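If you read the sequence shown in the numbering used here, its first letter stands for residue 106, the second for the next number, and so on. C-beta atoms are modelled at their ideal positions from N, C-alpha and C, and glycine is treated no differently. Only a predicted model underlies this, so the values are computations on that prediction, with no experimental measurement involved. Input: a single structure, listed below in structure tokens.
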Amino acid sequence: MSERVELKGYFLTVHGASEGRLYTTLDITKIPAQDRLKFIRGLEDLLSEIDEVYAGETERIRGRTIVGRFRRIAYGEDIRRIRTVKFTPLPSRIPNRVKKLRDYVYDKVNTLAIKIQSLGFAEVRRNIYLVPEENVEKLVKAVNKANQEIEKLNKMIESYLQSPLFKRIVDYLSLYDLYIPKGGYWIPKSTLNLIAVRLDASIVDEWARRSPEVAKMLEEAQENIIKSTVEEFRRRVRKVLEREWKSRLAVKKRLEELRELATGVGLRALAESVIVPLVELCDREDALVQLKKREIRDEVDEKIVSLLEQL
Numbered sequence: 106m107s108e109r110v111e112l113k114g115y116f117l118t119v120h121g122a123s124e125g126r127l128y129t130t131l132d133i134t135k136i137p138a139q140d141r142l143k144f145i146r147g148l149e150d151l152l153s154e155i156d157e158v159y160a161g162e163t164e165r166i167r168g169r170t171i172v173g174r175f176r177r178i179a180y181g182e183d184i185r186r187i188r189t190v191k192f193t194p195l196p197s198r199i200p201n202r203v204k205k206l207r208d209y210v211y212d213k214v215n216t217l218a219i220k221i222q223s224l225g226f227a228e229v230r231r232n233i234y235l236v237p238e239e240n241v242e243k244l245v246k247a248v249n250k251a252n253q254e255i256e257k258l259n260k261m262i263e264s265y266l267q268s269p270l271f272k273r274i275v276d277y278l279s280l281y282d283l284y285i286p287k288g289g290y291w292i293p294k295s296t297l298n299l300i301a302v303r304l305d306a307s308i309v310d311e312w313a314r315r316s317p318e319v320a321k322m323l324e325e326a327q328e329n330i331i332k333s334t335v336e337e338f339r340r341r342v343r344k345v346l347e348r349e350w351k352s353r354l355a356v357k358k359r360l361e362e363l364r365e366l367a368t369g370v371g372l373r374a375l376a377e378s379v380i381v382p383l384v385e386l387c388d389r390e391d392a393l394v395q396l397k398k399r400e401i402r403d404e405v406d407e408k409i410v411s412l413l414e415q416l
């Protein structure tokens with residue numbers, strides 16, 4: 106990479122829509138053991154009936170399965186075992202649709218932006234992406250489109266909670282002295298947080314004249330972000346090469362998207378030396394065979410390593 110790399114675009118974090126607020130958990134410990142299975146089966150049947158009412162013409166109803174959970178809680182020498190069930194009292198098409206909308210948003214993010222870092226621990230992690238300026242509007246429109254459907258689903262929830270169907274669930278649970286909230290079921294919208302950024306080498310040069318220590322810290326931080334971004338492009342290119350494709354035009358389209366993304370965030374050298382040759386290879390009749398060869402993947406790795414060494 107003969108010239109100094111200057112990443113540009115917008116740092117992006119995403120909060121996808123979640124169906125978590127649509128579920129409730131009930132403690133069924135007080136229900137006699139011999140009656141618990143009857144209670145669960147009755148609730149499953151009732152929820153399945155509701156699903157059939159709200160199912161679309163093309164939807165296939167699979168029925169509901171509610172799984173009981175067992176927890177052991179110790180208070181000193183006192184040990185208590187509780188039984189719970191977790192379910193949504195709403196038609197299952199609602200949380201299912203939320204999952205699809207969330208997948209739609211993240212699919213757009215992974216197409217229009219590149220992950221540069223992952224923060225957090227265990228299951229609580231958040232990715233930071235870099236999105237080119239020319240892709241920001243496309244991304245915002247995609248999220249707004251998904252959120253319009255979220256608004257419709259929330260209105261559907263409001264209407265359902267006032268319906269006789271929801272009352273049937275409330276009445277059924279009351280037979281076992283169980284109660285669920287009659288409100289509070291809603292879907293938060295997907296949100297994007299964007300911060301304009303330009304990792305300009307001139308910033309380091311300016312600080313080098315004022316404080317070498319600060320300049321060194323900034324330079325190391327920029328190099329780490331650039332290397333992380335390049336490594337993510339390597340992962341994505343490898344993923345394309347390892348996937349089973351039915352059409353070389355489909356492969357070319359995906360590689361073209363990666364080329365535009367790399368160019369958009371300032372990694373022109375990577376786009377030209379690594380991705381463009383693969384795009385050109387897709388014009389060959391035997392492209393699907395050639396792209397599967399190990400030599401191609403090895404060549405990609407070698408070029409990436411060479412680029413990283415020149416940083």
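Going by C-alpha to C-alpha distance, which of the options sits closest to residue i?
i    : options                   : result
K332 : L304, S352 and Y115       : L304
E254 : E182, K294 and A392       : K294
Y211 : V119, L413 and A313       : V119
L375 : E400, K357, R353 and S411 : S411
V245 : Q267, V172 and V214       : V214
R188 : P196, I171, I133 and G125 : I133
R343 : N259, K398, N249 and R177 : K398
L206 : A122, N259, V190 and S264 : A122
R186 : Q222, K135 and D140       : K135
L283 : G114, L148 and E111       : L148
I409 : F175, K257 and R341       : R341
G114 : E400, E407, G371 and E404 : G371
K250 : K272, L280 and Y209       : Y209
K287 : A160, R273, F175 and L280 : R273
L217 : L386, N232 and V236       : V236
E336 : R389, R230 and Q222       : Q222
L112 : L386, E377 and R373       : R373
P194 : K351, I184 and T170       : T170
D388 : E400, E407, S352 and E377 : S352
Ends of the beta strand (DSSP E) at residue i?
i    : result
T129 : T129 to D132
If you follow the alpha helix (DSSP H) that residue i is in, where does it begin and where does it stop?
i    : result
D391 : Premise fails: D391 is in no alpha helix (DSSP H) and is neither H nor E.
I155 : A138 to Y159
L206 : R198 to L217
P317 : P317 to E347
E256 : E238 to L266
R273 : P269 to S279
D103 : Given a span of 106 to 416 for the chain in the structure shown, any question on residue 103 remains unanswerable.
R353 : R353 to G369
Check the C-beta distance from residue i over to residue j and give it rounded, since I have them as a contact under 8 angstroms.
i    : j    : result
G369 : E239 : 6 angstroms
L346 : R402 : 6 angstroms
Y234 : L366 : Not quite, the Cβ-Cβ distance comes to about 11 angstroms (not below 8 angstroms), so this is no contact.
L297 : W312 : About 31 angstroms; that fails the 8 angstroms criterion.
L127 : I292 : 7 angstroms
E124 : V172 : That belief does not hold up - the Cβ atoms of E124 and V172 are roughly 17 angstroms apart, past 8 angstroms.
I199 : I262 : 7 angstroms
V384 : V405 : With a Cβ gap of about 13 angstroms, V384 and V405 do not count as contacting.
V356 : L396 : 7 angstroms
In the DSSP output, which residue or residues are listed as bridge partners for residue i?
i    : result
Q222 : I233
R174 : T189
L299 : L117
I285 : According to DSSP, I285 bridges with nothing at all.
A179 : I184
How should residue i be labelled, buried or exposed, when 16 other C-beta atoms within 10 angstroms of its C-beta is the threshold for buried?
i    : result
V394 : exposed
S107 : Note that S107 scores 42 on pLDDT, short of 50, meaning its location in the model is unreliable; the coordinates nonetheless yield the value given after this. Classification of S107: exposed, given that the 10 Å Cβ count is below 16.
E414 : exposed
A301 : exposed
K220 : buried
T130 : exposed
Q139 : exposed
Q267 : exposed
L354 : exposed
G196 : First, the residue type needs correcting, since residue 196 is Pro and not Gly in the sequence shown. So P196 counts as buried.
Y290 : buried
L280 : exposed
V309 : buried
A392 : buried
A247 : buried
F175 : exposed
R339 : buried
V417 : The structure shown has nothing for residue 417, since the chain only spans 106 to 416.
Any beta carbon of chain C sitting closer than 8 angstroms to that of residue i?
i    : result
L266 : The displayed structure is made up of one protein chain only, and chain C is not part of it.
Verify the contact flag: residue i, CB atom, against every heavy atom of the ligand HEM, threshold strictly below 7 angstroms.
i    : result
E328 : The ligand HEM is not part of the structure shown, which contains no ligands of any sort.
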